[in-house]
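Residues in the sequence shown are numbered from 4 upward in steps of one, following the numbering used here. Everything on this sheet refers to the single structure shown next.
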Amino acid sequence: MSTFQSRNLPDNTFSNSNLVSVIETDDEIKFQSKISEHKPEIIFFQGGLTDPKAYAPLCRKIAESGFTCHLIKMDWRLPVNDYKKALKIVENQEGNFVIGGHSQGGKMAAQLVYENPLLFKGLFLMGTSHPRDIDLSTQNIPCIKLYAENDGLASINEVMTNKSKLPMDTKLVMIQGGNHSQFGYLGKLFMDSSATISLEKQQDFTYIALMEFVKDINNSLFP
């Protein structure tokens, strides 16, 4: 059960198309790209207390661009056993994987990279002050951190305070006018500040930044 449910999802979010097949299991919602060949796959962790489906529109759009996306279903408390569902995906499939998530989901993704430094080809963090309790500064892994100007739960000050714990060449991207809630289709979360851009615009900025990141990784793997 999730405390914050997804809201106002586009009608086609879970529909199959000529670009994407949507496959739901107990552990994940998989947006299988029909145009991906030898491209890294994306593993996405939801934020704490949130419905994973709130991130489905972003995951679908990523898959429509050629990168299969695994949206992990985690209990709202984000227990350790749930975040290790990602390991099952990596262990049961050939290929390369980029992992990340929003808020506490970003914390879990960073922890998994810390514990398995050679397993993933990239790390993306959205709307999170983490890593706080671990140090990834010596990790040789591409990393991008997206943060929002009006994030009331992971402030710019908190993001910058923990910057030294990120991999050395981490790319930091601020979404001007964005907030914490609009990284997903969640409505406005308690304690968050108000966004001055629309949900759609923040989602577009997030998608574009992530696509540039994973395409760079893909190009480095298959020059």
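Just so you know, even glycine gets a beta-carbon here, dropped at the ideal spot from N, CA and C.
query	result
Closer than 8 Å: GLU203 CB and nearest the ligand NAD heavy atom	By its list of ligands, the structure shown contains no ligand whatsoever, and the ligand NAD lies outside what it can speak to.
Three-way DSSP call (helix, strand, coil) for LEU175 in this model	strand
GLY98 and LEU128 closer than 9 Å at C-beta	no
THR53 - partner residues in DSSP beta bridges	PHE7
Segment limits, alpha helix (DSSP H) that includes MET129	Not the alpha helix (DSSP H): MET129 falls in the beta strand (DSSP E), residues 125-129.
Whole-angstrom C-beta distance between ALA157 and THR131, which should lie under 8 Å	5 Å
Cβ contact (3+ pairs, closer than 8 Å) linking the stretch 21-38 and the stretch 50-68	yes
For SER132, three-class secondary structure by DSSP	coil
MET4 burial status per 10 Å Cβ neighbour count (16 or more: buried)	The predicted model places MET4 with a pLDDT of 46, which falls under 50 and marks its position as unreliable, so this point remains unresolved.
Under 9 Å between C-beta atoms of GLY51 and SER9	no
ILE38 and HIS73 closer than 9 Å at C-beta	no
Assigned secondary structure, SER24 (DSSP; H/G/I helix, E/B strand, else coil)	strand
Beta carbon of GLY125 nearer than 9 Å to that of ILE102	yes
ALA113 versus ASN160 - alpha carbon distance	19 Å
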